[in-house]
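Peer 1: Just dropping this structure here.
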Amino acid sequence: MAVGLAAILGAAVVHARPGRPVFKADIELVNVAVTITDGRSRFVTDLAEPDFEVLEDGKVQDLTLFTHDRLPLSLSILLDTSQSMNLKLRDAQAAAVRFVGTLGPDDEAQVIQFNERARIIQDFTGDQARLETVIKGTRASGSTALYNAVYIALKDLKARRRAEELRRSAIVVLSDGEDTASLVSDDQVLELARTSGISVYGISLRPNLPLAASLNHDVGLPRYFFGALTRETGGQAHFLQGIAQLAGVYDQVAEELRSQYNLGYFSSNAARDGRWRSIQVRVRARPQLQVRHRTGYFAPRR
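Laid out in C-alpha coordinates, this is it:
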(Lines of atoms letter the chains of each structure in order from A and count residues from 1; the text may use other names and numbers.)
(Lines give C-alpha, C1' and ligand atoms only; values in the text may rest on other atoms or scores of the structure.)
Protein backbone atom coordinates (compact mmCIF):
# COMPACT_ATOMS: atom_id res chain seq x y z
CA MET A 1 0.00 0.00 0.00
CA ALA A 2 1.41 3.36 -0.77
CA VAL A 3 3.41 4.54 -3.69
CA GLY A 4 7.03 4.97 -4.32
CA LEU A 5 10.55 3.82 -4.01
CA ALA A 6 11.20 0.35 -2.58
CA ALA A 7 12.06 0.45 1.07
CA ILE A 8 15.81 0.10 1.47
CA LEU A 9 15.94 -2.78 3.85
CA GLY A 10 18.39 -5.61 4.07
CA ALA A 11 18.46 -9.24 3.19
CA ALA A 12 19.26 -10.70 6.60
CA VAL A 13 17.57 -10.36 9.94
CA VAL A 14 20.21 -9.29 12.46
CA HIS A 15 18.09 -9.09 15.63
CA ALA A 16 14.46 -8.69 16.51
CA ARG A 17 11.90 -8.86 19.22
CA PRO A 18 9.06 -11.30 18.41
CA GLY A 19 7.21 -9.93 15.40
CA ARG A 20 9.72 -7.06 14.98
CA PRO A 21 12.00 -7.87 12.00
CA VAL A 22 15.17 -5.79 11.66
CA PHE A 23 17.22 -5.80 8.46
CA LYS A 24 20.63 -4.76 7.21
CA ALA A 25 20.35 -1.93 4.73
CA ASP A 26 22.24 -3.42 1.81
CA ILE A 27 19.67 -4.97 -0.54
CA GLU A 28 16.45 -3.45 -1.89
CA LEU A 29 13.34 -5.14 -0.54
CA VAL A 30 10.09 -4.00 -2.10
CA ASN A 31 7.87 -3.44 0.91
CA VAL A 32 4.10 -3.25 0.40
CA ALA A 33 1.53 -2.50 3.09
CA VAL A 34 -1.84 -4.01 2.12
CA THR A 35 -5.34 -3.22 3.37
CA ILE A 36 -8.06 -5.84 2.80
CA THR A 37 -11.76 -5.10 3.21
CA ASP A 38 -14.96 -7.03 2.49
CA GLY A 39 -18.09 -5.85 0.71
CA ARG A 40 -19.24 -4.00 3.82
CA SER A 41 -15.93 -2.11 4.18
CA ARG A 42 -14.90 -4.19 7.22
CA PHE A 43 -11.21 -4.97 7.60
CA VAL A 44 -10.31 -8.60 6.88
CA THR A 45 -7.65 -9.87 9.27
CA ASP A 46 -7.75 -13.68 8.96
CA LEU A 47 -5.59 -14.19 5.86
CA ALA A 48 -2.31 -16.11 5.77
CA GLU A 49 0.74 -15.87 3.51
CA PRO A 50 -0.45 -18.54 1.01
CA ASP A 51 -3.60 -16.49 0.39
CA PHE A 52 -1.59 -13.70 -1.27
CA GLU A 53 -0.13 -13.39 -4.75
CA VAL A 54 2.04 -10.39 -5.66
CA LEU A 55 2.75 -9.41 -9.25
CA GLU A 56 5.24 -6.85 -10.53
CA ASP A 57 4.57 -5.71 -14.09
CA GLY A 58 2.36 -8.80 -14.44
CA LYS A 59 4.99 -11.30 -13.22
CA VAL A 60 4.45 -13.28 -10.01
CA GLN A 61 7.02 -12.51 -7.30
CA ASP A 62 8.27 -14.76 -4.48
CA LEU A 63 7.41 -13.35 -1.07
CA THR A 64 10.39 -12.88 1.24
CA LEU A 65 8.54 -11.10 4.03
CA PHE A 66 5.03 -11.58 5.36
CA THR A 67 3.68 -10.25 8.63
CA HIS A 68 0.32 -9.32 10.03
CA ASP A 69 1.83 -8.24 13.33
CA ARG A 70 1.33 -4.64 14.31
CA LEU A 71 4.51 -2.93 13.15
CA PRO A 72 5.78 0.21 14.90
CA LEU A 73 4.26 3.30 13.29
CA SER A 74 5.84 6.58 12.24
CA LEU A 75 2.93 8.97 11.75
CA SER A 76 2.76 12.52 10.47
CA ILE A 77 -0.37 14.40 11.59
CA LEU A 78 -1.15 17.46 9.45
CA LEU A 79 -3.66 20.03 10.70
CA ASP A 80 -5.13 22.87 8.66
CA THR A 81 -4.99 25.99 10.87
CA SER A 82 -6.02 28.53 8.25
CA GLN A 83 -8.61 31.19 9.13
CA SER A 84 -11.44 29.17 7.59
CA MET A 85 -10.87 26.54 10.31
CA ASN A 86 -11.54 29.01 13.13
CA LEU A 87 -14.99 27.72 14.13
CA LYS A 88 -14.01 24.08 13.56
CA LEU A 89 -10.58 24.02 15.13
CA ARG A 90 -11.58 23.06 18.67
CA ASP A 91 -13.43 19.97 17.40
CA ALA A 92 -10.52 19.17 15.06
CA GLN A 93 -8.08 19.40 17.96
CA ALA A 94 -10.21 17.08 20.11
CA ALA A 95 -10.41 14.50 17.31
CA ALA A 96 -6.65 14.68 16.68
CA VAL A 97 -5.93 14.25 20.41
CA ARG A 98 -8.17 11.18 20.41
CA PHE A 99 -6.25 9.89 17.39
CA VAL A 100 -2.93 10.34 19.21
CA GLY A 101 -4.38 8.25 22.03
CA THR A 102 -4.47 5.22 19.68
CA LEU A 103 -0.67 5.18 19.33
CA GLY A 104 1.14 2.21 20.82
CA PRO A 105 4.25 2.24 23.03
CA ASP A 106 6.60 1.76 20.06
CA ASP A 107 4.88 4.31 17.81
CA GLU A 108 5.97 7.88 17.13
CA ALA A 109 4.31 10.90 15.60
CA GLN A 110 5.03 14.44 14.50
CA VAL A 111 2.58 17.33 14.17
CA ILE A 112 2.62 19.78 11.26
CA GLN A 113 0.28 22.77 11.21
CA PHE A 114 -0.29 24.76 8.05
CA ASN A 115 -1.87 28.06 7.16
CA GLU A 116 0.04 30.40 4.82
CA ARG A 117 3.14 28.43 5.80
CA ALA A 118 3.72 24.88 6.96
CA ARG A 119 5.55 24.35 10.26
CA ILE A 120 6.62 21.27 12.18
CA ILE A 121 5.40 22.18 15.65
CA GLN A 122 6.38 18.84 17.15
CA ASP A 123 9.07 16.55 15.79
CA PHE A 124 8.72 12.78 16.03
CA THR A 125 8.09 11.61 19.56
CA GLY A 126 6.32 8.83 21.39
CA ASP A 127 5.30 11.21 24.17
CA GLN A 128 1.51 11.38 23.82
CA ALA A 129 1.16 14.13 26.40
CA ARG A 130 3.55 16.32 24.42
CA LEU A 131 1.68 15.64 21.17
CA GLU A 132 -1.64 16.51 22.79
CA THR A 133 -0.24 19.77 24.18
CA VAL A 134 0.99 21.03 20.82
CA ILE A 135 -2.25 20.04 19.07
CA LYS A 136 -4.34 21.94 21.63
CA GLY A 137 -2.04 24.95 21.24
CA THR A 138 -2.77 25.51 17.54
CA ARG A 139 -4.60 28.68 16.48
CA ALA A 140 -6.41 29.57 13.25
CA SER A 141 -5.24 32.36 10.93
CA GLY A 142 -4.14 33.07 7.38
CA SER A 143 -4.47 31.16 4.10
CA THR A 144 -3.80 27.50 3.18
CA ALA A 145 -0.44 25.99 2.14
CA LEU A 146 -1.73 22.43 1.86
CA TYR A 147 0.76 21.23 -0.77
CA ASN A 148 3.73 22.58 1.18
CA ALA A 149 2.62 20.70 4.29
CA VAL A 150 2.21 17.34 2.54
CA TYR A 151 5.52 17.83 0.72
CA ILE A 152 7.37 18.50 4.00
CA ALA A 153 5.78 15.46 5.65
CA LEU A 154 6.70 13.18 2.74
CA LYS A 155 10.31 14.41 2.81
CA ASP A 156 10.58 13.91 6.58
CA LEU A 157 9.10 10.43 6.60
CA LYS A 158 11.04 9.31 3.53
CA ALA A 159 14.31 10.27 5.24
CA ARG A 160 13.21 8.59 8.46
CA ARG A 161 12.49 5.28 6.67
CA ARG A 162 16.22 4.74 6.16
CA ALA A 163 16.50 3.38 9.70
CA GLU A 164 17.10 -0.38 9.92
CA GLU A 165 13.99 -1.32 11.84
CA LEU A 166 10.98 -2.15 9.72
CA ARG A 167 8.25 0.39 10.48
CA ARG A 168 5.00 1.48 8.92
CA SER A 169 4.86 5.11 7.76
CA ALA A 170 1.72 7.15 7.17
CA ILE A 171 0.52 10.73 6.76
CA VAL A 172 -2.95 11.84 7.90
CA VAL A 173 -3.84 15.30 6.61
CA LEU A 174 -6.93 17.31 7.56
CA SER A 175 -8.02 20.36 5.54
CA ASP A 176 -11.23 22.28 4.90
CA GLY A 177 -10.42 23.75 1.52
CA GLU A 178 -8.17 24.09 -1.47
CA ASP A 179 -4.56 25.21 -1.53
CA THR A 180 -4.09 28.98 -1.78
CA ALA A 181 -0.51 29.65 -0.66
CA SER A 182 1.96 26.86 -1.49
CA LEU A 183 5.28 27.26 -3.27
CA VAL A 184 5.20 23.69 -4.59
CA SER A 185 2.55 22.42 -7.01
CA ASP A 186 0.14 19.54 -6.66
CA ASP A 187 2.08 17.69 -9.39
CA GLN A 188 5.31 18.00 -7.41
CA VAL A 189 3.60 16.57 -4.32
CA LEU A 190 2.12 13.68 -6.30
CA GLU A 191 5.48 12.86 -7.87
CA LEU A 192 7.19 12.80 -4.48
CA ALA A 193 4.38 10.63 -3.09
CA ARG A 194 4.89 8.09 -5.86
CA THR A 195 8.57 7.75 -4.96
CA SER A 196 8.16 7.68 -1.19
CA GLY A 197 6.42 4.42 -0.32
CA ILE A 198 4.37 6.27 2.32
CA SER A 199 0.60 5.89 2.77
CA VAL A 200 -1.37 9.14 2.75
CA TYR A 201 -4.86 9.55 4.21
CA GLY A 202 -6.68 12.74 3.24
CA ILE A 203 -9.59 14.09 5.28
CA SER A 204 -11.53 16.95 3.71
CA LEU A 205 -14.09 19.04 5.58
CA ARG A 206 -15.20 20.31 2.20
CA PRO A 207 -17.87 18.07 0.58
CA ASN A 208 -16.85 15.97 -2.40
CA LEU A 209 -17.91 17.97 -5.47
CA PRO A 210 -19.44 16.29 -8.53
CA LEU A 211 -16.93 15.57 -11.27
CA ALA A 212 -18.42 18.22 -13.56
CA ALA A 213 -17.90 20.85 -10.88
CA SER A 214 -14.34 19.76 -10.19
CA LEU A 215 -13.54 20.08 -13.90
CA ASN A 216 -14.36 23.75 -13.51
CA HIS A 217 -11.16 23.20 -12.90
CA ASP A 218 -9.02 24.12 -9.94
CA VAL A 219 -6.93 21.01 -9.35
CA GLY A 220 -6.65 22.03 -5.72
CA LEU A 221 -10.22 20.87 -5.15
CA PRO A 222 -10.33 17.96 -2.67
CA ARG A 223 -11.79 15.47 -5.14
CA TYR A 224 -8.77 15.71 -7.42
CA PHE A 225 -5.85 16.19 -5.06
CA PHE A 226 -6.86 13.93 -2.17
CA GLY A 227 -8.26 11.37 -4.61
CA ALA A 228 -5.07 11.14 -6.68
CA LEU A 229 -2.74 11.31 -3.68
CA THR A 230 -4.44 8.55 -1.71
CA ARG A 231 -5.05 6.31 -4.72
CA GLU A 232 -1.36 6.34 -5.67
CA THR A 233 -0.13 5.72 -2.13
CA GLY A 234 -2.69 3.11 -1.07
CA GLY A 235 -4.27 5.36 1.54
CA GLN A 236 -7.82 6.65 1.45
CA ALA A 237 -9.66 9.94 0.98
CA HIS A 238 -12.54 10.91 3.24
CA PHE A 239 -14.92 13.75 2.33
CA LEU A 240 -16.97 14.73 5.36
CA GLN A 241 -20.31 16.48 5.49
CA GLY A 242 -19.51 18.01 8.86
CA ILE A 243 -16.94 18.23 11.65
CA ALA A 244 -18.96 15.79 13.79
CA GLN A 245 -17.81 12.94 11.54
CA LEU A 246 -14.12 13.63 12.09
CA ALA A 247 -13.50 11.56 15.24
CA GLY A 248 -15.02 8.51 13.57
CA VAL A 249 -12.79 8.88 10.52
CA TYR A 250 -9.66 9.16 12.67
CA ASP A 251 -10.81 5.98 14.46
CA GLN A 252 -11.21 4.25 11.09
CA VAL A 253 -7.72 5.26 9.96
CA ALA A 254 -6.24 4.05 13.26
CA GLU A 255 -8.00 0.69 12.88
CA GLU A 256 -6.77 0.36 9.29
CA LEU A 257 -3.15 0.96 10.29
CA ARG A 258 -3.51 -1.79 12.92
CA SER A 259 -5.13 -4.19 10.44
CA GLN A 260 -2.71 -4.05 7.51
CA TYR A 261 -0.61 -6.88 6.14
CA ASN A 262 3.03 -6.23 5.29
CA LEU A 263 4.45 -8.04 2.25
CA GLY A 264 8.00 -7.88 0.94
CA TYR A 265 9.83 -9.35 -2.03
CA PHE A 266 13.07 -9.02 -3.96
CA SER A 267 12.14 -8.16 -7.53
CA SER A 268 12.79 -10.78 -10.20
CA ASN A 269 13.70 -7.86 -12.49
CA ALA A 270 17.38 -7.22 -11.76
CA ALA A 271 17.63 -4.15 -14.03
CA ARG A 272 18.63 -1.01 -12.13
CA ASP A 273 17.09 1.34 -14.66
CA GLY A 274 15.06 3.71 -12.50
CA ARG A 275 11.84 2.83 -14.33
CA TRP A 276 8.35 2.64 -12.87
CA ARG A 277 7.19 -0.86 -11.94
CA SER A 278 3.54 -1.56 -11.23
CA ILE A 279 2.48 -3.71 -8.29
CA GLN A 280 -0.67 -5.82 -8.03
CA VAL A 281 -1.65 -7.83 -4.96
CA ARG A 282 -4.32 -10.53 -5.25
CA VAL A 283 -6.09 -12.69 -2.68
CA ARG A 284 -6.16 -16.10 -4.34
CA ALA A 285 -9.23 -17.84 -2.88
CA ARG A 286 -11.37 -14.76 -2.14
CA PRO A 287 -11.28 -12.52 -5.22
CA GLN A 288 -14.39 -10.66 -4.00
CA LEU A 289 -12.34 -8.91 -1.32
CA GLN A 290 -11.18 -5.32 -1.88
CA VAL A 291 -7.38 -4.94 -1.93
CA ARG A 292 -5.71 -1.57 -1.46
CA HIS A 293 -1.96 -0.85 -1.68
CA ARG A 294 0.49 1.43 -3.41
CA THR A 295 0.35 1.23 -7.18
CA GLY A 296 4.06 0.69 -7.77
CA TYR A 297 7.59 2.00 -7.27
CA PHE A 298 10.59 3.27 -9.18
CA ALA A 299 13.42 0.77 -9.59
CA PRO A 300 16.82 1.78 -8.19
CA ARG A 301 19.38 3.22 -10.57
CA ARG A 302 22.95 2.09 -11.03
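Each number in this note's numbering comes from the position in the sequence shown (counting from 1) with 744 added on.
The C-beta atom is built at its ideal place from N, Cα and C for all residues, glycine as well.
(1) Fully enclosed by the segment 836-874, which beta strand (DSSP E) runs are 3 residues long or longer?
(2) Suppose you measure from the CA of Val1035 to the CA of Val788; what does that come to, to the nearest Å?
(3) Checking 8 Å against the spacing of the C-beta atoms, do Glu976 and Ala1029 come in under that value?
(4) What would DSSP say about Val997, mapped onto helix, strand or coil?
(5) Of all the options Arg911, Glu800, Val774, which has the alpha carbon lying nearest to the alpha carbon of Arg1026?
(6) Based on Cα-Cα distance, which residue from Tyr891, Arg1019, Gly1008 lies nearest to His1037?
(7) Between Leu817 and Gly870, what straight-line distance do the alpha-carbon atoms span, to the nearest angstrom?
(8) Sort out for me which residues DSSP pairs Gln1032 with in a bridge.
(9) Go to Asp824, then tell me how far its beta strand (DSSP E) extends in each direction, as first and last residue.
(10) So, do the segment 911-919 and the segment 820-828 have three or more beta carbon pairs nearer to each other than 8 Å?
(11) In the segment 884-945, which residue ranges form an unbroken alpha helix (DSSP H) of at least 4 residues, counting only runs that do not cross its ends?
(12) Among the candidates His812, Ser785, Arg786, whose CA atom is the shortest distance from the CA of Pro794?
(13) Work out the CA separation of Asn1013 and Ala991 for me, nearest whole Å.
(14) Excluding five sequence neighbours on each side, which residues of the same chain lie with their C-beta closer than 6 Å to the C-beta of Ser929?
(15) Can you tell me whether Gly971 is helix, strand or coil according to DSSP?
(16) Quick check: Ile865 and Ala840, are their CB atoms within less than 8 Å of each other?
(17) Going by DSSP, what residue range makes up the beta strand (DSSP E) through Ile780?
(18) Along the chain, where does the beta strand (DSSP E) containing Ala1027 start, and where does it finish?
(19) Which one or two residues does DSSP pair with Leu948 in a beta bridge?
(20) Hey, quick one: how far does the beta strand (DSSP E) through Thr811 stretch, first residue to last?
Peer 2: Well, looking at it:
(1) Along the length of the segment 836-874, whole beta strand (DSSP E) runs at least 3 residues long occupy 852-858, 862-869, reported in chain order.
(2) Those two C-alpha atoms are separated by around 10 Å.
(3) No, Cβ-Cβ distance for Glu976 and Ala1029 is not below 8 Å.
(4) Annotated three-state conformation of Val997 is helix, per DSSP.
(5) Nearest of Arg911, Glu800, Val774 to Arg1026, Cα basis: Glu800.
(6) Closest by alpha carbon: Gly1008.
(7) A straight-line Cα-Cα distance of about 10 Å links Leu817 and Gly870.
(8) Per DSSP, Gln1032 has no beta bridge partner at all.
(9) Annotation: the continuous beta strand (DSSP E) that includes Asp824 extends over 817-824.
(10) Counting Cβ pairs under 8 Å, three or more are found: they touch.
(11) Listed in chain order, the complete alpha helix (DSSP H) runs (minimum 4 residues) inside the segment 884-945 are 890-904, 930-940.
(12) The option with the nearest alpha carbon to Pro794 is His812.
(13) Cα to Cα, the separation comes out at about 43 Å.
(14) Listed in chain order, the non-local C-beta contacts of Ser929 below 6 Å within the same chain number zero, local neighbours out to five positions each way being set aside.
(15) Helix, per DSSP.
(16) Not closer than 8 Å, so no.
(17) Note, Ile780: beta strand (DSSP E), 774-781.
(18) For the record, residue 1027 in the displayed sequence is Val; it is not Ala. For Val1027, the enclosing beta strand (DSSP E) has its first and last residue at 1020-1027.
(19) With the sequence shown as reference, residue 948 is identified as Ser, and Leu is not the correct amino acid for it. Partner(s): Ser919, Phe983.
(20) Start and end: 807-811.
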